[in-house]
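Chemist:
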Amino acid sequence: MTPILLIEQVLNGLQSGIMLFLMAAGLTLIFGVMGLINLAHGSLYMIGAFAAAAVAGWTGSFTLALAAALAAAALAGCIIEMVVIRRLYDRDHLDQVLATFALILIFSEGTRWLFGSFPLYLDVPAALSGPVRLPGGILYPSYRLLIIVIGLLIAFGLFQLIARTRIGIQIRAGESDREMIGALGVDISRLYTIVFALGAALAGLAGALVGAIQSVQVGMGEPVLILAFVVIVIGGIGSIKGALVGALLVGLTDTLGGVLLPLLFGLFMDPSSATTIGSALASMSIYILMALVLLFRPTGLYGRA
Amino acid sequence: MTEPLLHVDGLYKAFGALQATDGVTLTLMPGEIHALIGPNGAGKSTLIKQIAGGVTPDAGRVWFKGQDVTALSTQARAQAGLGRTFQISSLAMEATVLQNAVLGALGRAGSVWRFLRPVMRDAALVAQAQAALERVGLADHAATRTAELSHGQRRLLEVAVALTLKPHAFVMDEPMAGLGASGSKRMTTFLDGLRREAPILLVEHDMDAVFALADRISVLVYGKIIATGTADEIRADPLVRTAYLGEEDVA
Amino acid sequence: MRRETILNAVLYLAMPVAAALAFAMDEPFLITLITRAAIFALAAVGLNLALGLGGLVSLGHAAFFGIGGYAMGILAHHAQTYSPMIDSWIVIEGTKSMPVIWLVAVVTSALAALAIGALSLRTSGVYFIMITLAFGQMFYYFAISWPAYGGEDGLSIYVRNSFPGLNTLDPMQFFVLVFVILSAVLWWMGRLARAPFGLALSAARQNAERVETVGLGPFRLRLVAFVISGAVTGLAGALFADLNRFVSPTMFSWQMSGEFIVFIVLGGVGRLFGPVAGAMLFVLLEYLLSPLSEFWLIYVGAILLLVVLFARGGLIGSLAGREVAHD
Amino acid sequence: MKIKSLVAAACMALAGTAALADGHGGKVKVGMITTLSGGGAGLGIDVRDGFLLAAKGNDMLDIVVEDDQQKPDIAVQLADKMIQSEKVDVLTGIIWSNLAMAVVPSVTAQGKFYLSPNAGPSALAGKGCSPLYFNVAWQNDAFYEAGGLWANENGIGKVFLMAPNYPAGIDGMTGFKRTFEGEVVGEVYTKLGQTDYAAEIAQIRASDADTVYFFLPGGMGISFMKQWAGSGVEKNVMGPAFSFDQGILGAIGDAALGVKNTAHWSKDLDVPGNADFVKAFQDEYGRLPSLYAAQGYDTALLLISAMGKADVKDTAAFQAALEEADFQSVRGKFSFAANHHPIQDIYMREVVKEGDVVTNQIIGVAATDHTDVYGADCKM
């Protein structure tokens, strides 16, 4: 394998990691502040993608489509927070898992009822449809570069939001002591709705961004959801920094594992069984990574005991 | 000279910049009640956890019955015969009072790997548990759900569970809290008799009880023991008066 | 008698009575459906030991269900094709005998539970939920991409395995077999909850510190519970594979683990008959709702949501009231 | 009220018996188990709609449709239900090979006919074949083998193969390699359900292949094609029709233009009846028919043709009637090989744009009278 190819694969790993971060950030915020496991986070991702595809279909504008994805997911987030989720904060994790599992069923089949069973069309804007040449002669899809940039900007914005703003202070206060912020006169239920909507909007944005280069279809959220969970568990639940590090680790492991493991096994076995065994191990690699991290750090890399 | 049953030797424990335990050495002799007092935040609970298990000291040793138990788990120390009660009740709240006591008896018997016979029909275990409940005066509440007990009654149950273990020494963290005046008095009488069975390391805020019961008193301030002695010695100690009792005098 | 006792008796008898009715009406499919509910109930009864009594929310119990299924699939596959399973210094043949298959299913899933439990129980709370999910996913992807036993296509067994003296292909006889096993396990779980081990495990769920202070180790209690739990779910997996005469990686999927939890919560967490009630209710809903609409899963979702939000304690909890402490 | 309904039930029962007693060409009860919910529902819905279109107005057919949710255990359960409770004569509808493997052996073991409108796993074409099992679609390898043949004819020398790491994927690539005489320069098996192919595309770009040949069903194919278009890699793209069918092309859009794919049917195929089928389907459902719709349609035609010749209760006669395949397939000529799998032509199609609609157009024949290689193992 040439160094150029390796660099390109590392870029690919980064890009998929950054997308995972958008999902994982919301998930980990919601857990950190409200102590809630939200399995329906994948549905918000799907809602973002479908909203984007629908709006892009009507208007032809990708920017409007992204805005619609943010708005639709945030709105859906607000609604489910107010109708369902807020009843779950005091419940144990089991009830949360179950109720949000039920939400997945409702959202998936509801979306299918609205949009039908066939995948929707959503493409990258024409201006970004080709590759760009990076230093070193790497041809890299410009849209993917854009995703990396947007993702990094959002990560930066999120860190700023939490470190600098009033709402960020409230979020941090909420993470360390839930009763305390109520005593400080913060409107908790409003704060919770805002945090949930923020997480939802990030998921929706990720769905729309990814939907343009993947398939916009019912059920697209669940595989990403599981990956996002792996990310926040590796990073330490509740930690935004952990989510970023975890997302990049998972993105890189997944991408490079799929490329390198078959090659590695090819060194000492015949090509076809090397491909089979390498691919089998590659598909398990992130779960193995997660198990290893938890064995040595039972609360993740940046988690609090 | 008799050997101390429990010997805490030069314990240090820091949490970040906070030195919670700062070179503590103390002993518990057979037959005595040794009270540990000190203002809030003095590091009593941290010290208790290093003695009974749950927090590992940065330096120093804990000896129990001549054996170094510093590296042992809570569970192993309990098996070695250290009976402990908690400041905040630590009980199986959904179980009945009797079941909590039976759990203690079960722990002592070590016969937990039994998967068929109902534990509440094990006459020997239930008898031990009943006896312990009677000693603390909870026999009438045997069938009550633990969550329905008052705070004071939960304290008594903590003590009863510790009794079922037939420990060689007790470590009790504020057993009087929430008992009320008459309850405190009864508990005082009870502990007074208990010291003949096994010595007690007693952390307590109720000064009347401490001065009535303790053979020796140690005063812990900012992680250090500033004085150890009989009730009279402690009352007279100028350091203690300024650091601890002094505050009350001023007030 | 307590209301829960009466309710349990009704639930327990509902299955054989319904099966007998179906038999009388010559509706063999209904018997198969009831058998399916009974097997799901068994799997969830296994999980309920860890989840209900031990407080261990495992989102990876499909791993044991699948291992049990594949124990049956692999053994029967080798017996069916007359190829030895292991053929080196020791020769191990496949088998079509149910008792042998069950034994293998129980032992292998118990061993897997021992390994997974020993690693996972170092964590707690959400981390435990997620690490068990991760182990389940590992098995899922392994089963899909390992070509030796059919990969995603799974393995078909043309004839149900045999049990001495029974015609297992007869729906009623197979149901009776499953029901006897379910009864035996329920009986044992009822005893287990009251046995010394059950008391200690339940206390460890409520307050781990308390259990430590009386000299017992919560880790070992939980590990043993997890192993027994996995073994029971593994046994259910072997029966499920025999019911369908087929195994596939979907038995390992995380949705399967989710469904087991759904059964328990629908029925009532920690109640002996909770998983039984939940599995029966779920299979009934599936049977009644799926012909109504293509989008019937919406209704399942809505019902589930309502149960979690408003009917705490599940079916049994709503009907029988708050749990009374044992004895 | 009660008496009334009892009488009504009795009448219906009598009518039912009368129909059965009618004997030759009597009513046939069909059980259709297909995927109608979840991510793979599009295929099942097309098969169902195609089948129902052909059966429309035929009152000799009594059709029960149930959703298998793409889960093997549900499919097995439904098959049991249809055989044991609904007492169907013929089963059909399953989309996925793994579900077919779970259901078909037990269906034929219980003496019922099974007509496959989509899946064709190799086991059922070879050692596991059955007199009661008829495949109206294809053996799984057919499109791949035809792809290899076409590549040989059209000067394609170096290919890069890609498929998900599961049996249908590996079998497909094996099928291609069976007929392909050029050089396979790379071979990648991805995780099932993978949605990001950046790593694989980079590998393909780095290889010296002139053509990438892939099989990625459903959303996987959509994702790959969109990402491929964005990568700017200039290589030919080929595959079986599964990744380029009508239901999917709409979601890929222009990114699919120019892709070659093998299929036994296309809506522009000029054979008798096909244009009528396409029009009728569009009129009925308001969308273009897909390959799966055509297969569902043909399955119903085959069944109806056999019903005209024999009574379904007479298993041997009905089997013989099915074997004749005396119907006008929308694929043109169609007959069964000894293992009850199709002998048919496979075409090469290219993705083009007709007005605003991205669709397929036939550009040539890839294989004539194609049949599978597993028939040799079939003893029946």
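Chains as they are written, first to last, in our numbering: chain A, 937 to 1241; chain B, 35 to 285; chain C, 199 to 525; chain D, 8 to 387. Backbone N, C-alpha and C define an ideal beta-carbon position, used for all residues, glycine too. From a predicted model like this one, the values you see are computed outputs, not experimental measurements.
#1: Residues of chain A with CB under 7 Å from D:Q76, in chain order?
#2: Which class does D:H348 belong to by DSSP, given the choice of helix, strand or coil?
#3: Around the C-beta of D:N268, are 16 or more other C-beta atoms found within 10 angstroms, so that it is buried, or is it exposed?
#4: Output the residue ranges of the beta strand (DSSP E) runs that lie fully inside the segment 212 to 280 of chain D and measure 3 residues or longer, sorted by chain position.
#5: Within 10 angstroms of the Cβ of D:E241, are there 16 or more other Cβ atoms? Answer buried if so, exposed if not.
#6: Please go through the same chain and pick out, in chain order, the residues whose beta-carbon is closer than 6 Å to the beta-carbon of D:L223, but skip the five residues on each side of it.
#7: Give the residues from the segment 134 to 149 of chain B that approach chain C closer than 8 Å (Cβ to any Cβ), ordered along the chain.
#8: Which residues mark the beginning and the end of the beta strand (DSSP E) in which A:V1229 is found?
#9: Compare the beta carbon distance of A:A1009 and A:G1140 with 8 Å and say whether it is the shorter of the two.
#10: If I measure Cβ to Cβ from A:A960 and keep anything under 6 Å in the same chain, skipping five residues before and after, which residues do I get?
#11: Under 8 Å Cβ-Cβ, which residues of chain D neighbour C:S488?
#12: If C:S455 and C:A311 are in contact, beta carbons under 8 Å, what's the gap, nearest whole angstrom?
#13: Taking Cβ-Cβ distances shorter than 8 Å, what residues in chain C pair up with B:S20?
#14: Spatial neighbours of B:V170 within its chain, please: CB distance less than 8 Å, with the 5 preceding and 5 following residues excluded, ordered by chain position.
#15: Please confirm whether C:L513 and A:R1023 have their CB atoms less than 8 Å apart.
#16: Residues in its own chain within less than 7 Å of A:L956 by CB, not counting five upstream and five downstream?
#17: Taking only three categories from DSSP, how would you classify A:M1025?
#18: What does C:A393 touch in chain B if you count any residue whose Cβ is under 7 Å from its own?
#19: Closest to D:P112 by CA distance: which of D:K94, D:I350, D:S137, D:I81 is it?
#20: Apply the 10 Å Cβ neighbour rule to B:Q162 and answer buried if 16 or more other Cβ atoms are within range, or exposed otherwise.
#21: Once the 5 residues before and after C:S307 are set aside, which same chain residues still bring their CB inside 6 Å of it?
#22: Let's test the definition: count the other Cβ atoms within 10 Å of the Cβ of D:D75 and tell me whether it reaches 16, buried, or not, exposed.
#23: Let's test the definition: count the other Cβ atoms within 10 Å of the Cβ of B:R142 and tell me whether it reaches 16, buried, or not, exposed.
#24: Count the C-beta pairs between the segment 83 to 91 of chain D and the segment 432 to 448 of chain C that are closer than 8 Å, then say yes if the count reaches three, no if not.
#25: CA-CA distance, A:A990 and A:A1001?
#26: Could you tell me which uninterrupted alpha helix (DSSP H) segments, each at least 4 residues in length, are contained entirely in the segment 393 to 456 of chain C, listed from first to last along the chain?
#27: Who are the Cβ neighbours of D:A236 in its own chain at under 6 Å, not counting the five residues just before and after it?
#28: Pair every Cβ in the segment 1048 to 1063 of chain A with every Cβ in the segment 44 to 55 of chain D, then say whether three or more of these pairs are closer than 8 Å.
#29: Take the Cβ of D:P296 as the centre, count every other Cβ of all protein chains shown within 10 Å, and call the residue buried at 16 or more, exposed below.
#30: By how many angstroms is the C-alpha of A:F967 removed from the C-alpha of C:G271?
#31: Assuming B:H239 contacts B:A211 under a Cβ cut-off of 8 Å, what Cβ separation, rounded to an integer in Å, is found between them?
#32: With a cut-off of 8 Å, does the C-beta of A:Y1079 fall near any C-beta of chain D?
#33: What is the residue span of the beta strand (DSSP E) that B:D207 lies within?
#34: Do B:V244 and B:I82 have their beta-carbon atoms positioned less than 8 Å apart in this structure?
#35: How would you label A:S997, buried or exposed, when you count the other beta carbons within 10 angstroms and need 16 or more for buried?
#36: Tell me, please, whether the CB atom of C:G415 is closer than 8 Å to any CB atom in chain D?
Modeler: Reading from the atomic positions:
#1: Simply none; closest approach about 11 Å.
#2: coil
#3: buried
#4: 218 to 221, 243 to 247, 267 to 270
#5: exposed
#6: F231, S250
#7: N134, V136, L137, G138, L140, G141, R142, G144, S145, V146, W147, R148, F149
#8: No beta strand (DSSP E) holds A:V1229; the alpha helix (DSSP H) holding it covers 1207 to 1232.
#9: yes
#10: A1164, V1167, I1168, A1179, A1183
#11: E73, D74
#12: Not a contact, Cβ separation roughly 13 Å.
#13: For chain B, the structure presents residues 35 to 285; residue 20 of chain B sits outside this window and is missing.
#14: L190, L191, V193, A194, L197, F224
#15: no
#16: L1163, A1164, V1167, A1183, V1186, G1187
#17: The amino acid at residue 1025 of chain A is misidentified as Met; the sequence shows Tyr. Three-state result, A:Y1025: coil.
#18: R148, F149, L150, R151, P152, V153
#19: D:S137
#20: buried
#21: F262, I265, G266, G428, A429, G432
#22: buried
#23: buried
#24: yes
#25: 8 Å
#26: 394 to 404, 406 to 411, 416 to 442
#27: A262
#28: yes
#29: buried
#30: 41 Å
#31: 7 Å
#32: yes
#33: 203 to 207
#34: no
#35: exposed
#36: no
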